[in-house]
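Those sequence lines, one after another, are chains A and B.
All residue numbers for the first sequence refer to our numbering, where the first residue is 1 and numbers rise by one.
All residue numbers for the second sequence refer to our numbering, where the first residue is 1001 and numbers rise by one.
Here the structure comes first, spelled out in structure tokens, and everything after it is commentary.
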Amino acid sequence: MRKMQVRLSRAMRNNIHGFWMVICLALVIILPVTMAAGLYWKSSVLLHENSLLSLVFSKEWKPISGQFGFYPFIISSVWVTMAALLFAAPICLLTSIHLTQYAKRWVLKVMHPVIDILAGIPSVIFGLWGILVVVPFIGNYLGPWLGKQVSGYSILAGAIVLAIMIIPFVLNILIEVFKNIPDELTEASLSVGATRWQTVKFVLLKKGMPGIVAAFGLGMSRAFGETIAVLMVVGNVTRIPTGLIQPGYPLPALIANNYGEMMSIPLYDSALMLSALILFVVVLIFNLISRYIIIQCDEKC
Amino acid sequence: MNSTKIHLSKLDLHYGKQHILKNIESEIPEKKITVILGPSGCGKTSLLRCMNRLTDLHPDAHLSGKILIDGTDILSSNEDITNIRKMMGLLAQRPYPLPMNIFNNVAYGLRISGRKKKKYLHHRVEHYLKLVNLWDEVKDRLHDPAVALSIGQQQRLCLARGLAVDPQIILADEPTSALDPQSSQAIEEKFMELKEAYTIVIVTHILRQAKRIADYVIFMYMGEVIEQGPVNEFFENPKQEKTKEYLKGMFY
């Protein structure tokens, strides 16, 4: 009898724990879906009056007169993200290859916590560093050198700050990627007479390609959504950027700068919600594309 | 007839503070199958890896002594390490095909050493795939990824990849341990054929395999060579106590 009770309560406890785990799992899945739904619901007001395409490709942003063209913001976001990725990619790749293939073991041991610490620095600090160092450098040196009179608050400043922010993040993933490639593969390549560099080029990069794509895909999502550090250095001028040292106004900055203010303007909050939705969807698409490439690569190699 | 291909002399290997190989002295005969035998952890794999200096990859490894190949010490020579390694084909415990298609796996070694003519490559790839009896199975799908092959086929592919750079020595580290009996047999038979042209060194812990294929046996225990000699002598008339004890565990 006693034994039965114990068993029952253990089974019950097991079920209860199982139940909570399922609830938590469901939360994780449902939350983003409801967020997307909420954003869509809020922005549908604006979408009723304008088509999505016309909003996305319209260049006019005049909330007072009811014109909400997202094109300048989207383009700014794309420029900042792409430039950041371009700066970060070679640094991340070469560093991770050096750390995992060439460096002595203690170097990696020292670098691991260093990279983690870098990844944990609050983004506002990167923003400050951007204002204090990058912006003056572009305004006082790079701009004049290129023969342009600029403030320094620019796409380039945003991209540099962003690149430095995503480097530790991408680097961590890349190190894992290269570490997970079995040593035997390296040895196989070396033993047919390949040099270290040939092995890296023909074997490791290829074997690690899905992981590399995933790392940069995630880095890109992060860069695209990063708000405060970019906002601080990018200039926030509503126009289509004409060059890297010109100011821009990326989507996250638009939302952060304006939400809560000027809400008396009709449709303004709806427009901001739509930009949030665009951000959400774009990040989702980045992730889907990187997953797709991963699957393709897995099948081929 | 019985000339020495690899001469190991006063070879010591340390990994950090661990003393892995202790004063190894051995002469590995040319165009014979030499089996390095011993319980796991005795250093037999490390010994094999010394021979093409894969121990260089281990940052804490320290290797001293001499490894003479045809009289040239590969530990002190100024010869390019890639050329030294090219003299030796390596077959690992499990097949590790390179992340590319079947054709390129075999052509890889040739390509990186600068042989790029298509016709030549094709000819060589066919030759070596035939040599390992893989050609008929893969000739219609040379451009499929190598990982699509069965594990036994992969191991033969890896053998072809190693042979394609025209080595003189084949180093094999328990090359059949991941394979099914049939594939194992195929590999063993291949080794018996290949010893006509190559000096073969095989690490194994399978006594019966050693007995089947070896010409010469090196028995290691705790980082030392306990006994070595021609296969018949080794199995039928072991001299050392340790060897006798080890062989007692044998069933047939």
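Glycine is no exception: its CB is placed at the ideal position from the N, C-alpha and C atoms.
Item: Length-filtered (4 minimum) alpha helix (DSSP H) runs lying within the stretch 85-165 of chain A; Value: 105-120 and 123-129
Item: CB contact check: Gly193 of chain A to chain B, cutoff 8 angstroms; Value: yes
Item: CB of Glu187 of chain A within 8 angstroms of CB of Leu1054 of chain B, strictly; Value: yes
Item: Exposure of Ala24 of chain A, with buried meaning 16 or more beta-carbon neighbours within 10 Å; Value: Looking at the sequence provided, one finds Cys at residue 24 of chain A rather than Ala. The residue is exposed, with fewer than 16 neighbouring Cβ atoms inside 10 Å.
Item: Three-state secondary structure (DSSP) of Phe68 of chain A; Value: strand
Item: Cβ of Asn1052 of chain B within 8 angstroms of any chain A Cβ; Value: yes
Item: Where Ala1061 of chain B sits in the DSSP three-state scheme; Value: strand
Item: Residue environment, Trp79 of chain A, which counts as buried when at least 16 other CB atoms sit within 10 Å; Value: buried
Item: Where Ile293 of chain A sits in the DSSP three-state scheme; Value: helix
Item: Cross-chain neighbours of Lys1005 of chain B in chain A, by beta carbon under 8 angstroms; Value: Per Cβ cutoff of 8 angstroms: no residues; Lys1005 of chain B is ~17 angstroms from chain A at best.
Item: Option in B:Gly1038, B:Gly1071, B:Gly1114 and B:Ser1009 with minimal Cα separation from Cys1050 of chain B; Value: B:Ser1009
Item: Bounding residues of the alpha helix (DSSP H) (the contiguous stretch that carries Met232 of chain A); Value: Ile228 to Val233
Item: Every unbroken alpha helix (DSSP H) within the stretch 1197-1239 of chain B, with a cutoff of 4 residues, ordered by chain; Value: 1207-1213 and 1231-1236
Item: Contact under 8 angstroms by Cβ, Val45 of chain A with Leu267 of chain A; Value: yes
Item: Secondary structure of Tyr1252 of chain B, DSSP reduced to three states; Value: Since pLDDT at Tyr1252 of chain B reaches only 34, below the 50 mark, its modelled position is unreliable, and the value read off the structure follows with that caveat. Coil at Tyr1252 of chain B, not helix or strand.
Item: Whole-Å CB distance - Phe202 of chain A paired with Ala89 of chain A, under 8 angstroms assumed; Value: 19 angstroms between Cβ atoms; not a contact.
Item: Asp183 of chain A in three-state terms, based on DSSP; Value: helix
Item: Contact with chain A by Ile1206 of chain B, beta-carbon distance below 8 angstroms; Value: no
Item: Simplified DSSP state of Val1172 of chain B, which is helix, strand or coil; Value: One point to set straight first is that residue 1172 of chain B is Ala, not Val, in the sequence displayed. Reduced to three states, the DSSP call for Ala1172 of chain B is strand.
Item: Listed by chain order, chain A residues near Pro1059 of chain B by CB distance under 8 angstroms; Value: Lys104 and Arg105
Item: With 16 other Cβ atoms within 10 Å as the buried cut-off, status of Ala1197 of chain B; Value: exposed
Item: Same chain, Cβ closer than 6 angstroms to Gly1109 of chain B, five either side skipped, listed in chain order; Value: Ala1164 and Val1165
Item: Backbone secondary structure at Lys207 of chain A - three-state DSSP; Value: helix
Item: Stretch-stretch touch, CB-based, cutoff 8 angstroms, three pairs: the stretch 1064-1072 of chain B with the stretch 1143-1151 of chain B; Value: no
Item: Within chain A, the residues that Lys1031 of chain B reaches when beta carbons sit closer than 7 angstroms; Value: Chain A residues near Lys1031 of chain B: none, gap ~20 angstroms exceeds 7 angstroms.
Item: Residues near Pro1238 of chain B in its chain [Cβ-Cβ closer than 7 angstroms; skip 5 each side]; Value: Glu1227, Lys1244 and Leu1247
Item: Beta-ladder partner(s) of Ser1026 of chain B, from DSSP; Value: B:Leu1008
Item: Contacting residues, own chain, Cβ-Cβ under 7 angstroms from Ala157 of chain A (five flanking each side not counted); Value: Gly130, Val134, Val135, Ile138, Val233 and Val234
Item: Sequence-distant residues of its chain with Cβ nearer than 8 angstroms to Val213 of chain A (five each side left out); Value: Ser290, Ile293, Ile294 and Cys297
Item: Distance between beta carbons of Val1201 of chain B and Leu1048 of chain B, contact taken as under 8 angstroms; Value: 6 angstroms
Item: Cβ-based contacts, 9 angstroms cut-off: residues of the stretch 1141-1168 of chain B near chain D; Value: Looking for chain D here will not work: the only protein chains present are A and B.
Item: Nearest-angstrom beta carbon gap, Pro72 of chain A and Ile240 of chain A [assumed within contact, 8 angstroms]; Value: 5 angstroms
Item: Through-space distance from Val1125 of chain B to Arg1161 of chain B, alpha-carbon basis; Value: 9 angstroms
Item: Counted within 10 angstroms of its Cβ, other Cβ atoms place Asn1083 of chain B as buried (16 or more) or exposed; Value: exposed
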